[in-house]
Amino acid sequence: MKISTIQWNIGGGKIRQPEDNPLDPLVYCNDNLEAIVEVLAKYNPDIITIQEGHTNATTSQAEIIANKVGLKYFVNDVYDQSHLEDGQGLSQCIISRFPLENHSFTLFHNPKFETTGPRGEHWVSHDKGITSCLVKLNDGIVLSVRTSHSFPYRRFKMEPLTELTLPLREDMAKKIKPERGPYLYQGDLNYDDSSVKLFLPNLIGNGVEEVLLDSPTTPKGKKYDHIVYQGLKHLKSEVFADVLTDHFPIYSEFEIV
15 MKISTIQWNI GGGKIRQPED NPLDPLVYCN DNLEAIVEVL AKYNPDIITI QEGHTNATTS
75 QAEIIANKVG LKYFVNDVYD QSHLEDGQGL SQCIISRFPL ENHSFTLFHN PKFETTGPRG
135 EHWVSHDKGI TSCLVKLNDG IVLSVRTSHS FPYRRFKMEP LTELTLPLRE DMAKKIKPER
195 GPYLYQGDLN YDDSSVKLFL PNLIGNGVEE VLLDSPTTPK GKKYDHIVYQ GLKHLKSEVF
255 ADVLTDHFPI YSEFEIV
């Protein structure tokens, strides 16, 4: 059985204008969730993982996207208040063509890093965590899917591969690491490298593999978004850079082995 997926940090559903400088983080301020929906509908994946969605007391971007692209099943977790828009919670979700069960959300260790933002605001590192569920594919096949967002080390003027960040990275690796059976992780790790081997200790190996992307996943040329899998055959991955969000979506295809 073949499945298709998209991984995307949608930045609150905000985009820049075509004439804006894509390297300026302040230009990603125009609400246009519909532009994101159009891309997702065009490629029609079986599974979508999203970070930095917005959720408030009345609605969630996860539900809006699921309804508009015609995927019936989704799980959505709010992990902190949004720094992108007042009154919104930052959320991450898994959206699926197939039924979902055993949904859970577990927080990562938060070291509470502090810094000053581009507008002079005081920043403290947000809570982050991992969203997990089981996808019930055809023919009785069950696929474990997880997604997460990670801390933006560069925003806190920190290098990711230090002893200071090791407790956080070890905790993330432990919670991302799969158990038995087919498994797929897609997320924004805020770590700029094709491989996560150095970043997440003891994750890759013994049947756990990763997609090594040739193309950057942000307009700044960074490879922050990553895919880890087990019990699947990776067929292809493609980064779509012709979008106006501050991360690019990654389209992938896998075969269950």
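If you want my numbering, it's the 1-based position in the sequence shown plus 14. Positions of the beta carbon are idealized from the N, C-alpha and C atoms, including for glycine.
Limits of the beta strand (DSSP E) - the one that V83 falls within: Numbered from its first residue, the sequence shown carries residue 83 at position 69. DSSP places V83 outside any beta strand (DSSP E); the residue lies instead in the alpha helix (DSSP H), whose first and last residues are 75–83.
Alpha carbon of A187 to alpha carbon of I241, nearest angstrom: Translated into positions along the sequence shown, residue 187 becomes position 173. Translated into positions along the sequence shown, residue 241 becomes position 227. Approximately 13 angstroms, taken between the alpha carbons.
Three-state secondary structure (DSSP) of I274: The structure shown has nothing for residue 274, since the chain only spans 15 to 271.
Inter-residue spacing [alpha-carbon to alpha-carbon] between Q102 and D45: The sequence position of residue 102 within the sequence shown is 88, counting from 1. The sequence position of residue 45 within the sequence shown is 31, counting from 1. If I take the Cα positions, the gap works out to 13 angstroms.
Pair within 8 angstroms by beta-carbon distance, S158 and V225: The residue given as residue 158 occupies position 144 in the sequence shown. The residue given as residue 225 occupies position 211 in the sequence shown. No, they are not a contact pair.
Under 8 angstroms between C-beta atoms of Q200 and T73: Along the sequence shown, one-based indexing puts residue 200 at 186. Along the sequence shown, one-based indexing puts residue 73 at 59. For Q200 and T73, no; Cβs fall outside 8 angstroms.
For F88, three-class secondary structure by DSSP: On the sequence shown, residue 88 is found 74 positions in, with the first residue counted as 1. Three-state DSSP puts F88 in a strand.
S18 - partner residues in DSSP beta bridges: Walking along the sequence shown from the start, residue 18 turns up at place 4. DSSP output for S18 lists E267 as bridge partner(s).
Whole-angstrom distance between N216 and L37, CA atom to CA atom: In the sequence shown, residue 37 corresponds to position 23, counting from 1. In the sequence shown, residue 216 corresponds to position 202, counting from 1. If I take the Cα positions, the gap works out to 34 angstroms.
F213 versus S18 - alpha carbon distance: Locating residue 213 in the sequence shown gives position 199, where the first residue counts as 1. Locating residue 18 in the sequence shown gives position 4, where the first residue counts as 1. Whole-angstrom Cα-Cα distance: 26 angstroms.
Cutoff 7 angstroms; reference T231; Cβ partners in own chain excluding five residues on either side: Along the sequence shown, one-based indexing puts residue 231 at 217. Counting only Cβ-Cβ distances below 7 angstroms, and skipping sequence neighbours, we find K237, Y238, D239, V253, H261, F262, I264.
Inter-residue spacing [alpha-carbon to alpha-carbon] between N220 and G26: Here residue 220 is taken as the residue at index 206 of the sequence shown, counted from 1. Here residue 26 is taken as the residue at index 12 of the sequence shown, counted from 1. Taking the straight line joining both Cα atoms gives about 36 angstroms.
Residue from L114, F119, P32 whose Cα sits closest to the Cα of I155: Looking up residue 155 in the sequence shown gives position 141. Nearest of L114, F119, P32 to I155, Cα basis: L114.
Nearest-angstrom Cβ-Cβ length linking L104 and H136, presumed shorter than 8 angstroms: On the sequence shown, residue 104 is found 90 positions in, with the first residue counted as 1. On the sequence shown, residue 136 is found 122 positions in, with the first residue counted as 1. Rounded, the Cβ-Cβ distance is 17 angstroms, inconsistent with contact.
Rounded distance between the beta-carbons of C107 and F88, thought under 8 angstroms: The count along the sequence shown starts at 1 and reaches residue 88 at position 74. The count along the sequence shown starts at 1 and reaches residue 107 at position 93. Indeed, because the Cβ distance is near 6 angstroms, the residues count as touching under 8 angstroms.
Entirely enclosed beta strand (DSSP E) segments - the stretch 183–233, minimum 3 residues: Complete beta strand (DSSP E) runs here, min 3: 197–202.
Option nearest L246 by Cα separation, candidates P192, W22, L203, P233: By 1-based counting over the sequence shown, the position of residue 246 is 232. It is P192 whose Cα lies nearest to the Cα of L246.
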